[in-house]
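Sequence order for the protein chains is A and B.
Just so we're aligned: 179 in my numbering is position 140 of the first sequence, and the numbers increase by one with no gaps anywhere.
Just so we're aligned: 48 in my numbering is position 12 of the second sequence, and the numbers increase by one with no gaps anywhere.
Beta carbons: idealized from backbone N, C-alpha and C, even for Gly.
Just below is one structure, and these are the notes that go with it.
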Amino acid sequence: MSLDRGTKEKLVRALAGSVIAHADELTTLDQAIGDGDHGLNMKRGFEAVLATLPGLADKPLPEMLKTIGTTLVMKVGGASGPLVGTFFMELGKELGKALSEAPARAEFVAATDKAIAAVKARGRSDAGQKTLLDVLVPVQAVLAEGGDAAAIAAEASRAADRTIPMLAIRGRASFLGERSIGHMDPGSRSTALLINAAVATLVSEANT
Amino acid sequence: MSSSNSGNVGIVIVSHSSKVAEGAADMVRQMVGDAVPLAWTGGDIDGGLGTNVAGILEAIEAAWSPAGVAILVDLGGAETNSEMAVEMLPEDRRTRVVVCNAPVVEGAVIAATESSGGSPLVAVKRSAEEFYA
Numbered sequence: 040m041s042l043d044r045g046t047k048e049k050l051v052r053a054l055a056g057s058v059i060a061h062a063d064e065l066t067t068l069d070q071a072i073g074d075g076d077h078g079l080n081m082k083r084g085f086e087a088v089l090a091t092l093p094g095l096a097d098k099p100l101p102e103m104l105k106t107i108g109t110t111l112v113m114k115v116g117g118a119s120g121p122l123v124g125t126f127f128m129e130l131g132k133e134l135g136k137a138l139s140e141a142p143a144r145a146e147f148v149a150a151t152d153k154a155i156a157a158v159k160a161r162g163r164s165d166a167g168q169k170t171l172l173d174v175l176v177p178v179q180a181v182l183a184e185g186g187d188a189a190a191i192a193a194e195a196s197r198a199a200d201r202t203i204p205m206l207a208i209r210g211r212a213s214f215l216g217e218r219s220i221g222h223m224d225p226g227s228r229s230t231a232l233l234i235n236a237a238v239a240t241l242v243s244e245a246n247t
Numbered sequence: 037m038s039s040s041n042s043g044n045v046g047i048v049i050v051s052h053s054s055k056v057a058e059g060a061a062d063m064v065r066q067m068v069g070d071a072v073p074l075a076w077t078g079g080d081i082d083g084g085l086g087t088n089v090a091g092i093l094e095a096i097e098a099a100w101s102p103a104g105v106a107i108l109v110d111l112g113g114a115e116t117n118s119e120m121a122v123e124m125l126p127e128d129r130r131t132r133v134v135v136c137n138a139p140v141v142e143g144a145v146i147a148a149t150e151s152s153g154g155s156p157l158v159a160v161k162r163s164a165e166e167f168y169a
């Protein structure tokens with residue numbers, strides 16, 4: 040995985056573009072079982088990330104990820120800011136320890152594992168509670184098992200779909216109790232969008 | 037947002053609604069006057085309903101006391117953003133700020149009342165949390 044400046048900028052634009060393009064859908068999902076601000080919040084956060092380009096892409100990958108995380112924490116609002124922001128911040132911090140601009144798969148697997156542990160701690164949550172962890176955890180498992188890009192992207196989408204019959208245990212949706220069943224978790228959907236955007240960019244760059 | 041010069045534990049009120057936060061702060065002031073450093077924050081950075089880390093950090097600064105700061109929050113995002121803000125504080129301040137597990141309005145009034153008597157941070161937090169326990 041070689042990440043030159045151009046690839047990093049494409050990656051940031053793809054992540055942001057995906058969330059921004061689906062902001063209305065995320066809001067609709069959140070209106071069903073939450074407070075209806077997830078699309079708007081994530082859009083605001085990623086617009087703030089875009090505003091840090093082109094300088095953002097000049098940074099080494101770990102620094103770039105940490106900056107994305109901090110920007111999301113400060114700008115998103117709502118619980119998703121600290122949760123998604125923590126993932127990027129911790130991923131950057133862990134990849135920084137690898138000391139290479141192109142982390143090997145094993146380093147990336149270990150870093151995502153630490154980043155997910157940080158998200159669990161931040162939200163005092165775990166997989167199975169109808170949160171973004173229900174996408175992060177199974178996707179990371181596919182990554183750790185050596186799954187290819189297509190397998191990772193497919194698992195992200197499937198994992199978000201699997202939140203539909205789940206009962207919400209954490210977050211605003213948990214107030215609804217059993218009425219939270221039958222709706223996709225908005226945080227899982229946005230996380231799947233981000234993963235799919237990242238995978239698509241890296242695959243496309245690897246083929247050029 | 038307001039504050040006061042006092043050695044008592046500071047109180048920060050964090051609500052998704054700036055009106056709720058300001059109203060709760062008014063109730064605290066009515067109870068304890070200027071005896072307690074007090075600040076509030078509410079809403080996202082665009083002025084809509086929500087909470088934001090930058091606003092919470094500003095409020096902690098405004099209500100800062102050497103005795104520490106107790107934060108009262110309403111719903112999930114307010115708590116998560118407050119915990120994030122605490123972690124972003126300089127290390128020497130981080131251990132002197134706590135997020136209370138208490139209702140925002142009642143907790144703020146009770147915590148401030150406890151603080152106004154000169155109680156330490158741990159007692160301020162406990163009184164807010166025990167009221168509904």
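According to DSSP, Thr247 (chain A) shares a beta bridge with no other residue.
Contacts between Asp82 (chain B) and chain A, judged by CB atoms closer than 9 Å, involve Leu79, Arg83 and Gly116 in chain order.
The Cβ atoms of Leu233 (chain A) and Ser57 (chain A) sit closer than 8 Å to each other. Nearest C-alpha to Arg218 (chain A) among A:Leu206, A:Arg228, A:Glu244 and A:His61: A:Leu206.
Closer than 8 Å to the CB of Gly162 (chain A) there is at least one CB belonging to chain B. Judged by DSSP in its simplified three-state form, Leu111 (chain B) adopts coil rather than helix or strand. Beta-carbon to beta-carbon, Asp82 (chain B) and Arg52 (chain A) are separated by about 23 Å, too far to satisfy the 8 Å threshold.
Residue range Leu74 to Gly78 is occupied by the beta strand (DSSP E) that includes Thr77 (chain B). Under the 8 Å criterion on CB atoms, Gly45 (chain A) is classed as non-interfacial with respect to chain B.
Contact check for Asp224 (chain A) and Asp173 (chain A): beta-carbon distance about 7 Å, within the 8 Å limit, so the pair qualifies.
When C-beta distances to chain B are compared with 7 Å, the residues of the stretch 201-217 of chain A below that value are Gly210 and Arg211, in chain order. Taking a contact as a CB-CB distance under 8 Å, the pair Ala150 (chain A) and Ala198 (chain A) does not count as one, their CB atoms being some 20 Å apart. According to the DSSP assignment, Val134 (chain B) belongs to no alpha helix (DSSP H) but to the beta strand (DSSP E) extending over Val133 to Cys136. At a cut-off of 8 Å, the C-beta of Val89 (chain B) has a neighbouring C-beta in chain A.
Classified as exposed, Arg130 (chain B) has fewer than 16 neighbouring CB atoms from the shown chains inside 10 Å of its CB.
Cα atoms of Leu54 (chain A) and Thr247 (chain A): separation of roughly 19 Å, rounded to the nearest angstrom. The Cβ neighbour count for Pro101 (chain A), taken over all protein chains shown within 10 Å, is at least 16; the residue is labelled buried. For Thr131 (chain B), there are no C-beta contacts with chain A under 9 Å, since the nearest C-beta of that chain is about 17 Å from it. Residue contact check for Gly86 (chain B) against chain A: a CB pair falls below 8 Å. Flagged as an interface residue toward chain A: Thr116 (chain B), by a C-beta distance shorter than 8 Å. A direct Cα-to-Cα measurement between Ile220 (chain A) and Leu68 (chain A) gives close to 12 Å. When Cβ pairs closer than 8 Å are counted between the two stretches, the stretch 96-111 of chain A is seen not to touch the stretch 93-111 of chain B, the count staying below three. Rounded to the nearest angstrom, the gap between the Cα atoms of Ile59 (chain A) and Thr202 (chain A) is 22 Å.
With a beta-carbon spacing of about 6 Å, Ser118 (chain B) and Ile92 (chain B) fall inside the 8 Å limit used to define contacts. CA-CA distance, Ala121 (chain B) to Ile191 (chain A), rounds to 33 Å. Residues of the same chain with a CB within less than 8 Å of the CB of Ala60 (chain B), apart from the 5 flanking positions on each side, are Ile49, Ser51, Trp76, Leu108, Val140, Val141, Ala144 and Val145 in chain order. Taken through DSSP and simplified to helix, strand or coil, Val115 (chain A) comes out as coil. DSSP links Ile49 (chain B) through a beta bridge to B:Trp76 and B:Leu108.
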